[in-house]
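Going down the list, the protein sequences come from chains A and B.
Numbering follows numbering that gives the first Met the number 0, in which position 206 of the first sequence is assigned residue number 205; successive positions increment by one, without gaps.
Numbering follows numbering that gives the first Met the number 0, in which position 336 of the second sequence is assigned residue number 335; successive positions increment by one, without gaps.
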Amino acid sequence: MAALEKIPDKKETVIDAHNISKVYNADTVPVHAVNNVHLHLLKGEFTALVGPSGSGKTTLLNLIGGLDKPDSGQIYINGVDITRLSSGRLIDFRLQNIGFVFQSFNLIPVLTARENVEFIMLLQGKGSSVRDRRVKQLFGQIQMENKLDSRPAQLSGGQQQRVAVARALASKPKFVLADEPTANLDSQSASNLLDIMLKLNREEGMTFLFSTHDQRVIDRARRVIRLVDGRIVSDTAAVSTAHTQ
Amino acid sequence: MWLIKLSWKNIWRNRSRSMITIAAIFFAVILSVLASSLQEGVFDNLVKNVVSFYTGYVQVHQKGYWDEQVLDNSFPATASLQHQIIRNKNVSALTPRLESFALASSGDITKGALVVGIDPDRENDITSIRQKIVDGRYLVDTDRMVLIAQGFAGKLKLKVNDTVVLIGQGYHGAMAAGKYPVKGIIKFGSPELNDRTLFMPISAAADLYGAGGMATSYVLSLHDLTRLQGTASAISSSLGPGYEVMTWEEIMPEVMQHIRTDTNSMKYIQGILYLLICFGIFGTLLMVMVERKYEMGMLLAIGMKKRRLAGLLMLESMFTVCTGCILGIVVSIPLVYYLHKFPLRMGGETAKAYEKFGFEAVFPTSANPSNFITQGLIVLAVGLVLSLYPIYKIIRLDPVTAMKR
Ligand SMILES: Nc1ncnc2c1ncn2[C@@H]1O[C@H](COP(=O)(O)OP(=O)(O)OP(=O)(O)O)[C@@H](O)[C@H]1O
Ligand SMILES: [Mg+2]
Chain A
0 MAALEKIPDK KETVIDAHNI SKVYNADTVP VHAVNNVHLH LLKGEFTALV GPSGSGKTTL
60 LNLIGGLDKP DSGQIYINGV DITRLSSGRL IDFRLQNIGF VFQSFNLIPV LTARENVEFI
120 MLLQGKGSSV RDRRVKQLFG QIQMENKLDS RPAQLSGGQQ QRVAVARALA SKPKFVLADE
180 PTANLDSQSA SNLLDIMLKL NREEGMTFLF STHDQRVIDR ARRVIRLVDG RIVSDTAAVS
240 TAHTQ
Chain B
0 MWLIKLSWKN IWRNRSRSMI TIAAIFFAVI LSVLASSLQE GVFDNLVKNV VSFYTGYVQV
60 HQKGYWDEQV LDNSFPATAS LQHQIIRNKN VSALTPRLES FALASSGDIT KGALVVGIDP
120 DRENDITSIR QKIVDGRYLV DTDRMVLIAQ GFAGKLKLKV NDTVVLIGQG YHGAMAAGKY
180 PVKGIIKFGS PELNDRTLFM PISAAADLYG AGGMATSYVL SLHDLTRLQG TASAISSSLG
240 PGYEVMTWEE IMPEVMQHIR TDTNSMKYIQ GILYLLICFG IFGTLLMVMV ERKYEMGMLL
300 AIGMKKRRLA GLLMLESMFT VCTGCILGIV VSIPLVYYLH KFPLRMGGET AKAYEKFGFE
360 AVFPTSANPS NFITQGLIVL AVGLVLSLYP IYKIIRLDPV TAMKR
């Protein structure tokens, strides 16, 4: 727990979701994919979202990431209620504030690893010296300095996911959302990816929220939120977050 | 800049598909350039033939002459009348003719003849009649001799230096008769002309018919053929209601009809080509959109603006279309010039059909640069319009559904 001590004492709230619900098929057989969820995430947290298949993990991550809109409730990211943003503004909000890692096919196949990471900074309009510095730093952190010019097809699944993590961090987001980032990886690669995510969490103070099925991954999370049928049934940090507010 | 690079890389992510699309556009451009150059070339050639063999581009007659082609419907060919016509800037040359029918005999053979009085020099400027001489020599103003069409000469068994006797009705019912040595034999492609025509200087014809200073028609050639109709109407209104001004299209409606049919079938061919291009480009776009749906959803998710994403796809299709277009034009330029220099030649039935009209069955292409530009632009425009499809898809793209598999 030595790493935790590096995080500033006064913890900043990055995600604050109130009472959010998402119902699919409201007219026929309603599915309460996310049901009255409250979620509060502080800067520097490393949180796993777990639960059986169909419990609403992806739906919840999509809502928090501004990819989807809840039917009710508010989601404050850094104090901004993203449920009120237009879809055009949301795209820009995501670019500036949220890093994404998906289960697979994160990368643009025609670009090299380096270009994929640079891509998001180009979208942000960052200059070449800033990009170069950040690329060097990140590829060092993901231990892939020798794969800068490889195409995604030339990388293993684990390496691709590491590049995806680097890309998610390249834009200096407030937090990173990852939906089952290890689901397509063997256990060794999964463990590697976790190492790197933990290291970035330590070194950059980056906040991670990721969903997973994998018990070995869950074991390494600092906080575990369990969803069943769209409801939070347990949260290991429920007590600690409650009193920081 | 990086967006351009990315679009270029994206084109080559599926090499064979892009090559097929580019090839489709390439061949379509070549074919449509060829089709339109050929159409225009054939049209121009046909018009040139029509005009140079007899009618000229525009004719001026006394009102009513065309319906009743008799000497009594002739008009005084005055210098002031000529000036009034030549004043039109688009008129490049003018020649008078005095035409009438007569009986021509040689020995005991007698046939009906179309006797045409011409101004030898000016006539040649417009219809290049001198080139059609196959035996003997061409006329000069002061000759009292005739040129006789080859087919007609055969019927009358006449050779150069033989004498033909002409008998007919002159101006205002006068008697017309004369004896004329044959100075030359001319050959027309059109049987209608070849089997019954005689030429003599207009002064000789005036003497024969007792119609001094008269003409049955003025035959005109023009600088700018695209302004045919406009020029004819301008002349017509300046001359007033006493004259009829006719274009070659009115004089030879059957030729015009033939050209129209040809032009229309070319248009169908071009329409089919454009349709093929559309399907080619659209098919590619459709595949691209399906194949890359997930990726585009991902790009939207990580924060790429829809405007940029649409721009990226637009660039990709523009690159593909432009590459095909440019290659097509580059290759079709020498091809069209070659077919301009060495025109296609038809044989068999087609050739016979053309010869009936008096034309050679050759089909030169027009090397008019506007054909390349127009066809290139049309294909480009088609590409641009079709590129709106991915833009439409992207506007409606939702990252969550796009990334669902
Ligand atoms: N687009 C949709 N239309 C209808 N129902 C949906 C849709 N997306 C999700 N659902 C339903 O919502 C519920 C939650 O789905 P979600 O994908 O969030 O679960 P998950 O926890 O991510 O599952 P998994 O572990 O299998 O990825 C499920 O019952 C699912 O069937
Ligand atoms: Mg899921």
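Virtual Cβ for every residue (Gly too), placed ideally from N, Cα, C.
8 Å Cβ cutoff, residue i in contact with chain A
i, result
"residue 315/B", "no"
"residue 398/B", "yes"
"residue 13/B", "no"
"residue 392/B", "no"
"residue 370/B", "no"
"residue 351/B", "no"
"residue 263/B", "no"
"residue 9/B", "yes"
Length of the line joining the Cα atoms of residue i and residue j
i, j, result
"residue 385/B", "residue 228/B", "38 Å"
"residue 302/B", "residue 44/A", "23 Å"
"residue 195/B", "residue 163/B", "13 Å"
"residue 107/B", "residue 209/B", "26 Å"
"residue 405/B", "residue 221/B", "Chain B is shown from 0 up to 404; residue 405/B falls before or after that span and cannot be answered."
"residue 352/B", "residue 309/B", "55 Å"
"residue 234/A", "residue 210/A", "14 Å"
"residue 190/B", "residue 150/B", "8 Å"
"residue 134/A", "residue 75/A", "30 Å"
"residue 197/B", "residue 114/B", "5 Å"
"residue 260/B", "residue 272/B", "19 Å"
"residue 159/A", "residue 304/B", "24 Å"
"residue 103/A", "residue 156/A", "8 Å"
"residue 89/B", "residue 265/B", "30 Å"
"residue 306/B", "residue 116/A", "21 Å"
"residue 125/B", "residue 135/B", "21 Å"
"residue 331/B", "residue 33/B", "7 Å"
"residue 334/B", "residue 65/A", "57 Å"
"residue 320/B", "residue 24/B", "7 Å"
"residue 86/A", "residue 398/B", "11 Å"
"residue 193/B", "residue 170/B", "26 Å"
Identity of the residue in the options nearest residue i by Cα
i, options, result
"residue 231/A", "68/A, 11/A, 18/A, 165/A", "18/A"
"residue 65/B", "215/B, 154/B, 268/B, 269/B", "215/B"
"residue 284/B", "268/B, 253/B, 337/B, 388/B", "388/B"
"residue 70/B", "161/B, 367/B, 100/B, 400/B", "100/B"
"residue 201/A", "221/A, 185/A, 48/A", "221/A"
"residue 96/A", "171/A, 104/A, 157/A", "171/A"
"residue 226/B", "38/B, 7/B, 3/B, 56/B", "56/B"
"residue 119/A", "143/A, 99/A, 140/A", "99/A"
"residue 122/B", "231/B, 91/B, 347/B", "91/B"
"residue 296/B", "149/A, 114/A, 105/A", "105/A"
"residue 276/B", "311/B, 382/B, 322/B", "382/B"
"residue 380/B", "247/B, 97/B, 242/B, 316/B", "316/B"
"residue 166/A", "153/A, 182/A, 147/A", "147/A"
"residue 108/A", "175/B, 152/B, 6/B, 26/B", "6/B"
Any chain B beta carbon closer than 8 Å to residue i
i, result
"residue 226/A", "no"
"residue 230/A", "no"
"residue 194/A", "no"
"residue 108/A", "yes"
"residue 113/A", "no"
"residue 91/A", "yes"
"residue 119/A", "yes"
"residue 67/A", "yes"
"residue 207/A", "no"
"residue 122/A", "yes"
"residue 94/A", "yes"
"residue 138/A", "no"
"residue 316/A", "In the structure as shown, chain A starts at 0 and stops at 244, and residue 316/A therefore has no counterpart that could be examined."
"residue 105/A", "yes"
"residue 6/A", "With a pLDDT of 48 at residue 6/A, under the threshold of 50, the modelled position of that residue is not reliable, and no figure is offered here."
"residue 243/A", "Here residue 243/A scores only 39 on pLDDT, less than 50, and its place in the model is too uncertain to base an answer on."
Residue i CB to nearest heavy atom of ligand 3 below 7 Å
i, result
"residue 228/A", "Because ligand 3 does not appear in the structure shown, any question about it cannot be addressed here, the ligands present being ligand 1 and ligand 2."
If contact means a Cβ-Cβ distance below 9 Å, which residues of the region 152–173 of chain A contact chain B?
Listed by position, the residues of the region 152–173 of chain A near chain B (Cβ gap below 9 Å) are 166, 167, 170.
Anything in the region 289–304 of chain B with a Cβ closer than 8 Å to a Cβ of chain A? List those residues in chain order, please.
Listed in chain order, the positions of the region 289–304 of chain B with a beta carbon within less than 8 Å of a beta carbon of chain A are 293, 294, 297, 298, 299, 300, 301, 302, 303, 304.
Suppose only complete runs of 3+ residues qualify. What are the beta strand (DSSP E) ranges in the region 169–225 of chain B, listed by chain order?
The qualifying runs are 174–185, 196–200, 216–221.
May I have a chain-ordered list of the beta strand (DSSP E) segments no shorter than 3 residues that lie completely inside the region 129–202 of chain A?
Inside the region 129–202 of chain A, DSSP marks whole beta strand (DSSP E) runs of 3 or more residues at positions 174–178, from first to last along the chain.
Complete alpha helix (DSSP H) runs within the region 138–167 of chain B (minimum length 4 residues, chain order):
Listed in chain order, the complete alpha helix (DSSP H) runs (minimum 4 residues) inside the region 138–167 of chain B are 149–155.
Closer than 9 Å, Cβ to Cβ, to anything on chain B: give me those residues from the region 39–55 of chain A, in chain order.
Hits within the stretch: zero.
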